[in-house]
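The structure under discussion appears below in the form of structure tokens.
Next up, the structure:
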């Protein structure tokens, strides 16, 4: 008989029921849920209401407002058309007043026809007659750029005075134009001489304009290629403008003698008069030194051009590049029997040469037993140094010294005006291109001051006030452009900001973001559950 096996199906259920069931946490009370939500929202409220404004305020970059449009107008030459009103005084004591006035008018017409350079406005004015012989300069003549002294002679001739800004001119008999004449050979001759007198200054100013952003003004007075190359070399050779220069006079010798020199007396006699005349344009400080056993870099007796570059032994000669912040001009006298050879047999060997933007060297031959250099022996070196100094300062080469210095003042005024305008234009273009760079208040103040002085300089071109205002404008513009706090942020990439903020905000931001995400999920789940319950009630 087969046995029957029965399987009790309830056993697995009983075993399953016997196993412990994981205990679920009690349902969260609504008050606790609201409390957690309020805590998370309070943190976000603090971050949004207090944290972000404080962070924005403390980390925002201050950018002072700059008059960008005015700055660009100066840089483009639209704010000022530089023109020097030069007054020319005409002294004609030997000519009747009406005829002299008519001659001045004819000369002015002829000069206007010749002068195509807009940077110069030459205006002739008849000076009152003087009863003294020779005539004394009146106040009007002292304020004039040039004085023409007309005297009768055998023929028309002109010669510039070597000691004053006076053009001595003689006129031929019967050359005075009548009151009804429309032209005059004497007037044309005077106009040509005036044009020739100021031609070098016009060329220099035109070259400065052509190399600046105001080149459209210079194209009206074009320069030839040869003249432009010559002016370029002269500009490269001269020193950059500075209100003060330091002059260093050094005596070097390869032995123990000479060991003393009368440099103070020589400077007072041969250099001081010229430095006093340059006083309105530049200030000068002076120091002297004597260096014994100074070996030059070249021992050859006859030096050629290749030797000049290595003659100065910079490794052993104590030559300071600058003292007190002012550019230094070095004047070196080396005692020895060396000379500078010339390639041409017709030209004698020279004793000195000038180093562009640095100074000058003079080779002084003395007897081996000479222990002292007298002031008389220093006369020729210092006179040579004076000429080299004028060249290094960019002084025009033609005309008398007073006329050259007045031209130098106008050239320096134009140079400073152009440099200040260029700096303002560069700053105006830099500011919008770098929005992350700060612009301190001092920069805005410097720009405002520079613009004010530029306007004053443009209104007073040709006078000493113009040079003074142009100097201040250039200093303020340079100071604003090279502000230390602004320049230091030019190379601050965004990667640096990420590297600073990420370690600080990461540990704080992650819990806040995750808590907010969880609360949003719970809120969405509850909304769905409520919507489901609402549908079920509606279905019933």
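Residue numbers (our numbering): 228 to 767.
Glycine is no exception: its CB is placed at the ideal position from the N, C-alpha and C atoms.
Every value quoted in this text rests on a predicted model; they were computed, and no experiment measured them.
Less than 6 angstroms between the CB of residue i and some heavy atom of the ligand NAD, yes or no?
i           : result
residue 325 : No copy of the ligand NAD occurs in the structure displayed, which carries no ligand at all.
Can the beta-carbon of residue i be found less than 7 angstroms from the beta-carbon of residue j?
i           : j           : result
residue 429 : residue 341 : no
residue 337 : residue 418 : yes
residue 613 : residue 501 : yes
residue 577 : residue 516 : no
residue 593 : residue 562 : yes
residue 514 : residue 475 : yes
residue 313 : residue 349 : yes
residue 288 : residue 669 : no
residue 647 : residue 688 : no
residue 726 : residue 640 : no
residue 466 : residue 411 : no
residue 742 : residue 273 : no
residue 439 : residue 645 : yes
residue 633 : residue 611 : no
Please list, in chain order, all residues of the same chain as residue i whose beta carbon is under 7 angstroms from its beta carbon, the five residues on each side excluded.
i           : result
residue 545 : 518
residue 524 : 537, 538, 539 and 540
residue 325 : 406
residue 416 : 383
residue 814 : In the structure as shown, the chain starts at 228 and stops at 767, and residue 814 therefore has no counterpart that could be examined.
residue 749 : none
residue 710 : 667, 669 and 670
residue 454 : 430
Which same chain residues, not among the five before or five after residue i, have their C-beta less than 8 angstroms away from its C-beta?
i           : result
residue 553 : 469, 471, 472, 473 and 512
residue 447 : Note that residue 447 has pLDDT 43, beneath the 50 cutoff, so the model's placement of it is unreliable and the number below is only indicative. Answer for residue 447: 343, 344 and 345, listed in chain order.
residue 483 : 519 and 520
residue 636 : 507, 508, 691 and 694
residue 712 : 665 and 667
residue 321 : 377, 378 and 379
Pop quiz: residue i and residue j are said to be a contact at Cβ under 8 angstroms. What is the actual Cβ separation, rounded to whole angstroms?
i           : j           : result
residue 481 : residue 600 : Incorrect: roughly 15 angstroms between the Cβ atoms, too far for contact.
residue 374 : residue 318 : 6 angstroms
residue 739 : residue 271 : 7 angstroms
residue 371 : residue 316 : 4 angstroms
residue 654 : residue 707 : 6 angstroms
residue 583 : residue 464 : 4 angstroms
residue 590 : residue 566 : 6 angstroms
residue 431 : residue 458 : 6 angstroms
residue 485 : residue 335 : Not confirmed; about 59 angstroms, so no contact.
Between which two residues does the beta strand (DSSP E) holding residue i run?
i           : result
residue 558 : 553-562
residue 589 : 586-591
residue 384 : 384-387
residue 580 : 579-582
residue 276 : Segment: none, residue 276 is in no beta strand (DSSP E) and carries neither H nor E.
Tell me the residue span of the alpha helix (DSSP H) that contains residue i.
i           : result
residue 378 : Segment 373-379 is the beta strand (DSSP E) holding residue 378; no alpha helix (DSSP H) there.
residue 432 : 426-437
residue 328 : 324-341
residue 525 : Counting along the chain, residue 525 falls outside any alpha helix (DSSP H), and DSSP gives it neither H nor E.
residue 260 : 257-273
residue 312 : Taken as a continuous stretch (DSSP letters only), residue 312 belongs to no alpha helix (DSSP H), being part of the beta strand (DSSP E) at 311-318.
residue 679 : 668-686
residue 615 : 606-619
residue 354 : It is not in any alpha helix (DSSP H) - residue 354 carries neither H nor E in the DSSP assignment.
residue 513 : It is not in any alpha helix (DSSP H) - residue 513 instead sits in the beta strand (DSSP E) that spans 510-518.
Using a Cβ-Cβ cut-off of 6 angstroms (strictly less than) and excluding sequence neighbours within five positions of residue i, which residues of its own chain qualify?
i           : result
residue 420 : 385
residue 581 : 587 and 615
residue 656 : none
residue 397 : 378, 380 and 384
residue 445 : Residue confidence for residue 445 is low, a pLDDT of 44 falling below 50, so the modelled location carries little weight and cannot support an answer.
residue 399 : 382 and 383
residue 764 : none
For residue i and chain C, any beta-carbon pair shorter than 7 angstroms?
i           : result
residue 630 : Given the protein chain composition of this structure (a single chain), no chain C is represented.
Q.
Across the region 615-631 and the region 273-290, are there enough close Cβ pairs to call them in contact, namely three or more that are closer than 8 angstroms?
A. no
Contact the region 381-389 vs the region 286-306: 3+ CB pairs below 8 angstroms:
no
| query | Between the region 702-714 and the region 658-678, do at least 3 Cβ pairs fall closer than 8 angstroms? | reply | yes
Could you tell me whether the region 404-419 touches the region 597-616, where touching means 3 or more Cβ pairs closer than 8 angstroms?
no
Could you check whether the region 285-294 touches the region 325-337, counting it as contact only if at least three pairs of C-beta atoms, one from each stretch, sit closer than 8 angstroms? no
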